[in-house]
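Chemist: Dropping the structure in here first, questions after.
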Amino acid sequence: MTRYANYIDGEWLDGPTFSRNVNPSDVDDVVGEYSQADVQQTARAIQAARKAFASWSLSTPQQRFDVLDRAGTAILARKEELGRLLAREEGKTLPEAIGEAGRAGQIFKFFAGEALRLGGEIVQSVRPGVTVEVTREPLGVIGMITPWNFPIAIPAWKIAPALAYGNCVVIKPADLVPGSAWELVKIIAEAGAPAGVINLVMGRGSVIGEALVNSPDVDAISFTGSVSTGRSIAAKCVASGKKVQLEMGGKNPMVVLDDADLNVAVEACVNGAFFSTGQRCTASSRLIVTEGIHDRFVEAVKARLKTLKIGDALAPDTQIGPVVDERQLAQDERYIAIAREEGGTVFGGERVAASTNGFFLAPALITDTTPTMRINREEVFGPVASVIKVKDYEAALATANDTDFGLSAGICTTSLKYATHFKRHAQVGMVMVNTATAGVDYHVPFGGRKGSSYGAREQGSYAREFYTTVKTAYANA
Ligand code: NDP
Numbered sequence: 371m372t373r374y375a376n377y378i379d380g381e382w383l384d385g386p387t388f389s390r391n392v393n394p395s396d397v398d399d400v401v402g403e404y405s406q407a408d409v410q411q412t413a414r415a416i417q418a419a420r421k422a423f424a425s426w427s428l429s430t431p432q433q434r435f436d437v438l439d440r441a442g443t444a445i446l447a448r449k450e451e452l453g454r455l456l457a458r459e460e461g462k463t464l465p466e467a468i469g470e471a472g473r474a475g476q477i478f479k480f481f482a483g484e485a486l487r488l489g490g491e492i493v494q495s496v497r498p499g500v501t502v503e504v505t506r507e508p509l510g511v512i513g514m515i516t517p518w519n520f521p522i523a524i525p526a527w528k529i530a531p532a533l534a535y536g537n538c539v540v541i542k543p544a545d546l547v548p549g550s551a552w553e554l555v556k557i558i559a560e561a562g563a564p565a566g567v568i569n570l571v572m573g574r575g576s577v578i579g580e581a582l583v584n585s586p587d588v589d590a591i592s593f594t595g596s597v598s599t600g601r602s603i604a605a606k607c608v609a610s611g612k613k614v615q616l617e618m619g620g621k622n623p624m625v626v627l628d629d630a631d632l633n634v635a636v637e638a639c640v641n642g643a644f645f646s647t648g649q650r651c652t653a654s655s656r657l658i659v660t661e662g663i664h665d666r667f668v669e670a671v672k673a674r675l676k677t678l679k680i681g682d683a684l685a686p687d688t689q690i691g692p693v694v695d696e697r698q699l700a701q702d703e704r705y706i707a708i709a710r711e712e713g714g715t716v717f718g719g720e721r722v723a724a725s726t727n728g729f730f731l732a733p734a735l736i737t738d739t740t741p742t743m744r745i746n747r748e749e750v751f752g753p754v755a756s757v758i759k760v761k762d763y764e765a766a767l768a769t770a771n772d773t774d775f776g777l778s779a780g781i782c783t784t785s786l787k788y789a790t791h792f793k794r795h796a797q798v799g800m801v802m803v804n805t806a807t808a809g810v811d812y813h814v815p816f817g818g819r820k821g822s823s824y825g826a827r828e829q830g831s832y833a834r835e836f837y838t839t840v841k842t843a844y845a846n847a
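Each residue of the sequence shown is one higher than the last, beginning at 371 in the numbering used here.
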């Protein structure tokens, strides 16, 4: 069994214990044994990042471009192999996993360019003879805590901007899926990141994550994961004056209007709700359908779901891979049971036997639901979507916005009037017309409103808001 060490100050160091990374498509397949760091190793990684910051923060944009560009090239060259590892540890289908690895490579290429593009402003002073410059400087040491559902893309979209703008990083990936982050950090080290600039500490959030959040030597925390963990991290960061950025859950609505192209609507909804096993914070979990198309839409979605092949993520014909682990499978089943008890009608949602011993669940479509049911208020994070029948566009919009979350929202319509109105009035960070709520570009901002996000946006050039601090310099000539 191959063992994988933590990466601290340019060295690969075993932790005191190891944890097994298990394939959710086949629990008899162990991907590897990954070191669990302890609090002392985490402190060492933070100190290494602190030390490296002195020179990395003053490195030239060309140096940072070169490291990120080489890393991006290596990721893209190895995307098939990285995708296979990702599919094996997380359970996305192979095409989805290779797509995610490719996206990580593109993100590094984009932020290589961002290192060169960082400029400033010269502003006229209100005082004679005085000049004013507004520039951006790196923040310092960034602690990163990432979830299991995008094992390479999320670490990439946090690490690449952090390094591009001159920060140093200590990253703790999700304990369930450390393999992709481990390969990513190795690639960055081999691309020439100096010792201490990037550090990897693997292990439990309650130990390593807490140590990052509580350290006075960490300047900022970038977190993606659940609402409850995110909120407790934010409270600690605010109390200690750390900058913090949270990406959390969603209860994303997809509105389908009577005038929608039925095929477009079915594909957008099935993709958005069920691909990647529904384990995306942008998944369409509430399908809000006007009454004139409701019955045809529901029948067409059911027919489409019947055609989907569920099974081993690595098998070439699989369209829906496994749920990530036993705990998440239990959560998905619990919500399906709750929906049934609340009066919903459940199609699918049963465990599926496959050729391998994994956590397979048939996609569940729950009809006859109302907006107040728990299934329409709480994030499930699995292949489960509910349908809410509404009278018209106005009711659909009100229902779409009736949620504590605000990450992504979509509408399927052929009406320019309704599409335009929805883009303006959906209370979310990302809005989609005639395309799935999940699946976004890598060069534009990602994030939401209300309970979904907190702090500055991630991705695209907007990422600089989080990873830099602004300086205003005055000079009297
Ligand atoms: P968590 O929020 O618990 O985990 C996200 C990350 O935070 C992991 O790296 C985790 O570590 C770490 N963490 C956990 N506790 C702490 C802590 N006290 N201090 C610092 N870091 C901590 O989510 P789960 O993975 O447990 O998933 C639970 C639910 O969260 C899902 O069912 C889903 O609803 C939601 N979720 C949402 C995601 C999103 O993208 N919006 C992504 C993943 C989950 P560890 O490795 O030990 O778990």
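No residue lacks a Cβ here, since even glycine has one placed at the ideal position from N, Cα and C.
From this set, Ile378, Asn393 and Ala441, which residue's C-alpha is nearest Phe730's C-alpha?
Modeler: Checking every option, the nearest Cα to that of Phe730 belongs to Asn393.
Chemist: Near Val500, which residues of its chain fall below 8 Å by C-beta distance, leaving aside the five closest residues on each side in sequence?
Modeler: Cβ neighbours of Val500 beyond the five flanking positions: Tyr844, Ala845, Asn846 and Ala847.
Chemist: Three-state secondary structure (DSSP) at Ala806?
Modeler: In the structure shown, Ala806 sits in coil (DSSP, three-state: anything other than H, G, I, E or B).
Chemist: Near Ile558, which residues of its chain fall below 6 Å by C-beta distance, leaving aside the five closest residues on each side in sequence?
Modeler: So the list reads Ala441 and Ile568, once near-sequence residues are dropped.
Chemist: How is the alpha helix (DSSP H) around Lys612 delimited, first residue to last?
Modeler: First-last for Lys612: undefined, no H or E at that position.
Chemist: Alpha carbon to alpha carbon, what distance is there between Lys612 and Ala565?
Modeler: So the two alpha carbons sit approximately 24 Å from each other.
Chemist: Could you say which of Val693, Val801, Thr412 and Ala534 lies nearest to Leu488 if we only look at CA atoms?
Modeler: The option with the nearest alpha carbon to Leu488 is Ala534.
Chemist: Could you check the C-alpha separation between Leu446 and Glu661 for me, to the nearest Å?
Modeler: Taking the straight line from one Cα to the other gives about 46 Å.
Chemist: Cβ of Asp545 versus every heavy atom of ligand 1: is any distance shorter than 8 Å?
Modeler: It does: the Cβ of Asp545 is within 8 Å (strictly closer) of some heavy atom of ligand 1.
Chemist: On a Cα-Cα basis, can you pick out the residue from Glu460, Met800, Ser585 and Lys761 that is closest to Pro543?
Modeler: Minimum Cα distance to Pro543 is reached at Glu460.
Chemist: Between the Cα of Val750 and those of Thr739, Gly714, Ile708 and Thr594, spot the shortest distance and give me the residue it belongs to.
Modeler: Nearest option by C-alpha distance: Ile708.
Chemist: Say the cut is 8 Å; is the CB of Leu533 nearer than that to a heavy atom of ligand 1?
Modeler: Result no, Cβ not under 8 Å from ligand 1.
Chemist: Verify whether the separation of the beta carbon atoms of Val890 and Gly776 is less than 9 Å.
Modeler: Any property of residue 890 remains undetermined from this structure, which presents the chain solely from 371 to 847.
Chemist: At 3 residues or longer, what runs of the beta strand (DSSP E) sit wholly inside the stretch 454-511?
Modeler: The stretch 454-511 contains these whole beta strand (DSSP E) runs: 491-494 and 500-508.
Chemist: When every heavy atom of ligand 1 is checked, does at least one fall within less than 8 Å of the C-beta of Val716?
Modeler: False, no ligand heavy atom lies under 8 Å from that Cβ.
Chemist: Could you tell me if the beta carbon of Thr660 falls within a distance shorter than 8 Å of some heavy atom in ligand 1?
Modeler: No, the beta carbon of Thr660 sits no closer than 8 Å to any heavy atom of ligand 1.
Chemist: Any heavy atom of ligand 1 closer than 8 Å to the CB of Asp571?
Modeler: Correcting the residue type first, residue 571 is Val in the shown sequence and not Asp. Not so, every heavy atom of ligand 1 lies at least 8 Å from the Cβ.
Chemist: What does the Cβ neighbour count give for Met371, buried or exposed, with the cut at 16 atoms within 10 Å?
Modeler: It counts as exposed.
Chemist: For Ala734, which of helix, strand or coil comes out of DSSP?
Modeler: Strand at Ala734.
Chemist: Give the straight-line distance between the Cα atoms of Trp715 and Ile758, rounded to the nearest whole angstrom.
Modeler: Before going further, note that residue 715 is Thr rather than Trp in the sequence given. One C-alpha to the other measures close to 12 Å.
Chemist: Taking 8 Å as the cut-off, is the C-beta of Phe538 nearer than that to any heavy atom in ligand 1?
Modeler: The question names Phe, yet the displayed sequence has Cys at residue 538. Result no, Cβ not under 8 Å from ligand 1.
Chemist: Tell me the DSSP secondary structure of Phe751 in three-state form.
Modeler: The answer is coil: DSSP assigns Phe751 none of H, G, I, E or B.
Chemist: Starting from Glu828, follow its DSSP beta bridges and name the residues at the other end.
Modeler: Answer by DSSP bridge pairing, in chain order: Phe816.
Chemist: Taking the beta strand (DSSP E) that Ser849 belongs to, which residues open and close that run?
Modeler: As shown, the chain starts at 371 and ends at 847. That puts residue 849 outside it, with no answer to give.
Chemist: Alpha carbon to alpha carbon, how far is Arg448 from Asp629?
Modeler: If I take the Cα positions, the gap works out to 44 Å.
Chemist: In the DSSP assignment, find the alpha helix (DSSP H) that holds Glu720 and state where it starts and stops.
Modeler: Glu720 -> no alpha helix (DSSP H), and no H or E assigned at all.
Chemist: Rank Val640, Phe816 and Thr742 by C-alpha distance to the C-alpha of Gly752 and give the top, closest one.
Modeler: Residue Val640 is the option with its Cα nearest to Gly752.
Chemist: Say the cut is 8 Å; is the CB of Glu491 nearer than that to a heavy atom of ligand 1?
Modeler: Glu491 Cβ: outside cutoff for every heavy atom of ligand 1.
Chemist: I need the boundaries of the alpha helix (DSSP H) containing Ser425, first residue and last residue.
Modeler: Element bounds for Ser425: Val409 to Trp426.
Chemist: Going straight from the alpha carbon of Glu451 to that of Gln406, what length do you get?
Modeler: If I take the Cα positions, the gap works out to 24 Å.
Chemist: For ligand 1, is there any heavy atom lying closer than 8 Å to the beta carbon of Pro692?
Modeler: Pro692 Cβ: outside cutoff for every heavy atom of ligand 1.
Chemist: Flag Gly575 as yes when its Cβ comes closer than 8 Å to any non-hydrogen atom of ligand 1, and as no otherwise.
Modeler: Flag set: Cβ of Gly575 near ligand 1.
Chemist: Among residues of its own chain, excluding the 5 on either side of Gln689, which ones have a beta-carbon nearer than 6 Å to its beta-carbon?
Modeler: Excluding sequence neighbours, Gln689 sits near Leu678 and Lys679.
Chemist: Give me the Cα-Cα distance between Thr740 and Asn746, rounded to the nearest whole angstrom.
Modeler: Answer to the nearest angstrom: the Cα atoms are 7 Å apart.
Chemist: For a minimum of 4 consecutive residues, which ranges assigned as the alpha helix (DSSP H) are wholly contained in the stretch 612-648?
Modeler: Fully enclosed alpha helix (DSSP H) runs of 4 or longer: 632-644.
Chemist: State the Cα-Cα distance for the pair Ala683 and Leu735, rounded to the nearest angstrom.
Modeler: Cα to Cα, Ala683 sits roughly 22 Å from Leu735.
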